[in-house]
Each structure stands twice: as structure tokens, then as C-alpha cells.
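Each remark here refers to the structure printed beneath this line.
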Amino acid sequence: MNEIFKPEGRISRRKYLVLFLFFYFTNILSLMMMWQSYQQEAWPTFFSFTIVLIASIVVLLIQAIKRFHDIGMDWKYALYLLIPPPVNFIGFIWLAAKKGQDGPNEYGPDPRKTDLI
């Protein structure tokens, strides 16, 4: 569980896609709840879901960094994913579709041989 908060290492496409779907859905849900609480002026709820949104964006970026490592690219390319939608969504989908490098690379061992998912 602790490994999803560390940007070191590599992650397989399958594990990335599972985490991406979960946290992107969390983002959408948080945005909807923020909008509803803003309309109702329920500020504690609004700020609570703002924290959830920021945390899920950070976790998504960490997973993207690990996915870039699996492809053999530097973490700095993950900064492009901070561009608002639809550009970042296309980037996240590209990361889910792009095949990683076979065998170990400078970022760690092949995740297809070490990941459980």
C-alpha cells in the first residue's frame, strides 16, 4: 500500500490502468461534490472534497511518474499532465497503452515480473 505514494521504480500498464481508473473516478466524484457543496454553501464539505481532489491528483501524478520510468523516460514528462483536460486525459491514456521496456532499466526491474496486479 505504501508503494503507491513513492515515485521511485516502475509500474506495469495493468496496475497503472487500475489505479488510474480508481483515482480519476475519485477526481470526478470530488469535483461533482465540490460543485454541489459550493451551490449549497456547505463550506466544510467543499474544503474536504478539495483536499480529496488534490490528494488524488498527486497520487495520479506519482503513478504517471512510475509509468514514465517503465517506458524509460524521465519524471519531468509528468509535468505535461498538469495541462488541463483533454490534454492530460490523452496523456494518461497514452501511458496506459504504451508498452514498457523489456527487462530491467535504470529505474528498476521489469514490473511485469514483480507486480501482483
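Position in the sequence shown (first residue = 1) + 19 = our numbering.
Built from N, CA and C at the ideal position, the CB exists for glycine as well.
By the Cβ-count criterion, Lys34 is buried, with 16 or more other Cβ atoms from all chains shown falling within 10 Å of its own Cβ. With contacts defined by Cβ atoms closer than 8 angstroms, Ala115 and Leu38 do not form a contacting pair. Counting the other Cβ atoms within 10 Å of the Cβ of Ile47 gives fewer than 16, which makes it exposed. Taking each of Lys85, Pro63, Asp93 in turn and checking the Cα distance to Lys25, the smallest one comes out for Lys85. Within the stretch 79-133, the alpha helix (DSSP H) runs of at least 4 residues that lie entirely inside it are, in chain order, 106-116, 130-133. A Cβ-Cβ separation of about 6 angstroms places Pro130 in contact with Ile30 under the 8 angstroms criterion.
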